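If you're matching them up, the sequences are chains A and B in order. Going by my numbering, the first residue of the first sequence is number 10, and it counts up by one from there. Going by my numbering, the first residue of the second sequence is number 227, and it counts up by one from there. Ideal placement from N, C-alpha and C gives every residue a C-beta, glycine not left out. The structure displayed is predicted, hence computed values, not measured ones.
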Amino acid sequence: MQLELSAEDQEFREKVRTFFTTEVPEEIREAVREGRELTKEQFVESMQVLNAAGLAVPNWPTEWGGQDWTELQRHIWHEELQAASVPLPLAFNATMIGPVIAHFGTDEQKRKFLPPTANLDIWWSQGFSEPDAGSDLASLRTTAVRDGDGWVVNGQKTWTTLGQYGDWIFTLVRTDPDVKKQAGISMLLIDMTTPGVEVRPIELIDGGHEVNEVWFEDVRVPGENLVGDLNGGWTIAKFLLGNERVGVAPVGQVKGALARAKEKGAAVLADDPLLRARVAELENELLALELTALRVVARSADGAPHPASSVLKLKGSELQQAVSELTLDLAGSGALVFGAQEGSGLEEWAQRAAPTYLNFRKASIYGGSNEVQRQIIAKTILGL
Amino acid sequence: MDFTYDDEQVALRDAVRGLAGKAYSDFEQRRRTVADDPGWDEDQWRRMAEMGLLGLPFAEEDGGVGAGPVEIGIVCQELGRVIAPEPYLTSVVLAGGLVSAVGTPEQRGEVLGALSTGERVLAFAHDEPGTRWTSTASEVTAAVDGDTWTLSGTKEPVLHGARADLLVVSAALPDGGTGLFLVEGDAAQRSGYRTLDGGRAARVLLDGTAAAPLGTPGQDVTASIATVRDITRVMAANQALGAMQTALAATTSYLTSRKQFGVTLNTFQALTFRAADMYVSQELTQSIVDWATMVVAKGDPAEVATAAQRAALQVSRAGRHVGQEAIQLHGGIAMTAEYSVGSYTAHLTALDHLLGDGGHVLRELAEDVLDHGALEPLD
Numbered sequence: 010m011q012l013e014l015s016a017e018d019q020e021f022r023e024k025v026r027t028f029f030t031t032e033v034p035e036e037i038r039e040a041v042r043e044g045r046e047l048t049k050e051q052f053v054e055s056m057q058v059l060n061a062a063g064l065a066v067p068n069w070p071t072e073w074g075g076q077d078w079t080e081l082q083r084h085i086w087h088e089e090l091q092a093a094s095v096p097l098p099l100a101f102n103a104t105m106i107g108p109v110i111a112h113f114g115t116d117e118q119k120r121k122f123l124p125p126t127a128n129l130d131i132w133w134s135q136g137f138s139e140p141d142a143g144s145d146l147a148s149l150r151t152t153a154v155r156d157g158d159g160w161v162v163n164g165q166k167t168w169t170t171l172g173q174y175g176d177w178i179f180t181l182v183r184t185d186p187d188v189k190k191q192a193g194i195s196m197l198l199i200d201m202t203t204p205g206v207e208v209r210p211i212e213l214i215d216g217g218h219e220v221n222e223v224w225f226e227d228v229r230v231p232g233e234n235l236v237g238d239l240n241g242g243w244t245i246a247k248f249l250l251g252n253e254r255v256g257v258a259p260v261g262q263v264k265g266a267l268a269r270a271k272e273k274g275a276a277v278l279a280d281d282p283l284l285r286a287r288v289a290e291l292e293n294e295l296l297a298l299e300l301t302a303l304r305v306v307a308r309s310a311d312g313a314p315h316p317a318s319s320v321l322k323l324k325g326s327e328l329q330q331a332v333s334e335l336t337l338d339l340a341g342s343g344a345l346v347f348g349a350q351e352g353s354g355l356e357e358w359a360q361r362a363a364p365t366y367l368n369f370r371k372a373s374i375y376g377g378s379n380e381v382q383r384q385i386i387a388k389t390i391l392g393l
Numbered sequence: 227m228d229f230t231y232d233d234e235q236v237a238l239r240d241a242v243r244g245l246a247g248k249a250y251s252d253f254e255q256r257r258r259t260v261a262d263d264p265g266w267d268e269d270q271w272r273r274m275a276e277m278g279l280l281g282l283p284f285a286e287e288d289g290g291v292g293a294g295p296v297e298i299g300i301v302c303q304e305l306g307r308v309i310a311p312e313p314y315l316t317s318v319v320l321a322g323g324l325v326s327a328v329g330t331p332e333q334r335g336e337v338l339g340a341l342s343t344g345e346r347v348l349a350f351a352h353d354e355p356g357t358r359w360t361s362t363a364s365e366v367t368a369a370v371d372g373d374t375w376t377l378s379g380t381k382e383p384v385l386h387g388a389r390a391d392l393l394v395v396s397a398a399l400p401d402g403g404t405g406l407f408l409v410e411g412d413a414a415q416r417s418g419y420r421t422l423d424g425g426r427a428a429r430v431l432l433d434g435t436a437a438a439p440l441g442t443p444g445q446d447v448t449a450s451i452a453t454v455r456d457i458t459r460v461m462a463a464n465q466a467l468g469a470m471q472t473a474l475a476a477t478t479s480y481l482t483s484r485k486q487f488g489v490t491l492n493t494f495q496a497l498t499f500r501a502a503d504m505y506v507s508q509e510l511t512q513s514i515v516d517w518a519t520m521v522v523a524k525g526d527p528a529e530v531a532t533a534a535q536r537a538a539l540q541v542s543r544a545g546r547h548v549g550q551e552a553i554q555l556h557g558g559i560a561m562t563a564e565y566s567v568g569s570y571t572a573h574l575t576a577l578d579h580l581l582g583d584g585g586h587v588l589r590e591l592a593e594d595v596l597d598h599g600a601l602e603p604l605d
């Protein structure tokens, strides 16, 4: 038992911290810090700066640009990215489809997709959820029917985050309707410029356009775009969702948000003991979460996600929401302004408080809803 | 950065688990033990002495073993897992800790030597009716005439005060500040009673009672009292963690065996989700308790004070959550004294109120929220 990082890990932390705070453009980091919407170009530029230094996809196999780091070093990298307000490498590329192709893909698929995926030359979208397949993902109904060497895809995906920027979409499709629902699913990679693919925006309660519906109408997909085994898609989905839960606790981001809330709301806090108590309570819970993340990191040495990572998802999303709620309350009546307004005399953080609060309601729904996490804890850990 | 025990620590944990489990893993045995005074088992105390547990925190030259906070935390966790009634926390960690921190070399050797061998049981007489978790004394006052010191006033509740051979007593000093004194147990007028968790406490009346100053006579030792209370708070958090683990394990075991409506209770998601939330509370608690224990090992008193507050806040919240839910998820059986879980909840409640509950430390933490930016546990 010891608290200090080893000299080697301290040096590592210093190295990545210096890189993030000096090499990633300040205007991008400021936009993240202030909670502004990033442009596609900002996402791409930031990821390419990281990728050029080998810091975009450290979790991949080393032959495809990954790093031979310890779990703790990966954790430090992830925390320092957030502490420096660097946009996280696009999750669809870096933590979802990249590792899937590296693990399940053919050599041809690896050569074709992995380098541009790491460099965000291809922007991937995720085609999993459907209107009738949310938490119950395996009940998805989008079909892929054999047509010569290829497939014809029909159906509808939804909640496709930033799909308006997508070049390619990785999809789960039903390739065998006659077996148990998990056993008839495959993964197909689909070029979003293919005729029959249509992206329609969904307006959200925060006023933003973050997610989309993606429609497929007789979309022809080459046979070589199947990932892994035919009807082996569920295994891939579980692999992908397992990766998604690791590092899903946005500790660094929430810490930064809470510290900024204190800074911006200092005058209100100095006056209000109940708000100060909320801050103190949140800081303590966040401390406990961060320490838990460190314990989980130490226990996932073999690379497999520890079941306690469900605790991180559950508590991390709750705290993310609670901090956005605190910020909303600190903003007082200033929170009535919805989104940044030209000519308003109110501070930018106060104007963004309400959309941010509403936006983060998503956190306990995505990445396996918090109810799904409770189910995992109850079944896998507690044996209930 | 390492949250795991080394081989010796694992061996210590297994040894203590064996000793404590042999005595109390059968809950009926604990019930029988706490039924009669002094509320714990003198033979078990001797066995703990033989294993070296009673001298664990103290320097070797004082008759102790010279182990660190991590080892003490291990012992407290294991005692907590079976809610062992022996006064380890109050006699060894708290009262012994004060003697170790403040006593002269002679006092340390004599008192801690006898404590370590199990010969003498100590108690810290500090709380006074009407005070609320402070590090100072006010109602009990010290008077000096030449070299002779006497104490007058009432201490209550004094945990294990009636059984203690030797009392460490805090008192307001004639020239201001709070001093510590050693008073022979039978020199004070004591009336003992039960605490909510089957333990014992006493009202201790001092009326011109002869007392030996602990350490330098007349010296204000408020800061030392505060630090030893902080360390004890972290060890109490370890003990509470052990108790929570058992309470949750008992609950999950009950949910998978108890049948209602023809099925086991774990069929009902309303119940399993609540158990999952208990697990979240327990895991977050373990993280902060391990961290606070390591902060104690680093030894900076200001850092220890904050870590103790943070551990106390989390443990208070989690202890109440886990304790209350353990009873609710069991149902009526957990209301009985015969079944274990209710007593775990009672013990968690007692630990919460020993040195300052969640609301108390939250008020202190809330005063300081604007003094720092983001918390960095690894720096």
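Just mark residue i as buried or exposed, buried being the case when its beta carbon has 16 or more other beta carbons within 10 Å.
i, result
"W160 (chain A)", "buried"
"V223 (chain A)", "buried"
"D423 (chain B)", "buried"
"A275 (chain A)", "exposed"
"S569 (chain B)", "buried"
"F52 (chain A)", "buried"
"H598 (chain B)", "exposed"
"E304 (chain B)", "buried"
"M606 (chain B)", "This structure cannot settle anything about residue 606 (chain B), because the visible part of chain B is limited to 227 through 605."
"M105 (chain A)", "buried"
"T498 (chain B)", "buried"
"V522 (chain B)", "buried"
"L283 (chain A)", "exposed"
"I457 (chain B)", "buried"
"F284 (chain B)", "buried"
"W271 (chain B)", "buried"
How is residue i classed by DSSP in three states: helix, strand or coil?
i, result
"V606 (chain B)", "For residue 606 (chain B) there is no data in the structure shown, the boundaries of chain B being 227 and 605."
"V320 (chain A)", "helix"
"M201 (chain A)", "coil"
"M10 (chain A)", "coil"
"V182 (chain A)", "strand"
"R628 (chain B)", "No answer is possible for residue 628 (chain B): the residues shown for chain B start at 227 and end at 605."
"M561 (chain B)", "helix"
"W177 (chain A)", "strand"
"V375 (chain A)", "Val is not the amino acid found at residue 375 (chain A); the sequence shown has Tyr there. Three-state DSSP puts Y375 (chain A) in coil, outside helix and strand."
"G441 (chain B)", "coil"
"T435 (chain B)", "strand"
"S417 (chain B)", "strand"
"A153 (chain A)", "strand"
"T167 (chain A)", "coil"
Would you list the one or two residues that DSSP bridges to residue i?
i, result
"K381 (chain B)", "B:V430"
"E207 (chain A)", "A:W224"
"R229 (chain A)", "A:V161"
"T404 (chain B)", "B:A398"
"E139 (chain A)", "A:A142"
"S195 (chain A)", "A:V182"
"D228 (chain B)", "A:Q11"
"A368 (chain B)", "B:L377"
"T490 (chain B)", "B:K485"
Quick check: residue i and residue j, are their CB atoms within less than 8 Å of each other?
i, j, result
"A413 (chain B)", "T380 (chain B)", "no"
"V236 (chain A)", "M196 (chain A)", "yes"
"I37 (chain A)", "S15 (chain A)", "no"
"A92 (chain A)", "G343 (chain A)", "no"
"V204 (chain B)", "L385 (chain B)", "Nothing in the structure corresponds to residue 204 (chain B), since chain B is present only between 227 and 605."
"A466 (chain B)", "G247 (chain B)", "no"
"T152 (chain A)", "G164 (chain A)", "yes"
"L406 (chain B)", "L440 (chain B)", "yes"
"L59 (chain A)", "P98 (chain A)", "yes"
If we require 3 or more residues per run, which beta strand (DSSP E) segments fall completely within the region 290-359 of chain B? 348-351
Please give me, in chain order, every unbroken run of the alpha helix (DSSP H) with length at least 4 that falls completely inside the region 46-93 of chain A. 49-61 and 80-92
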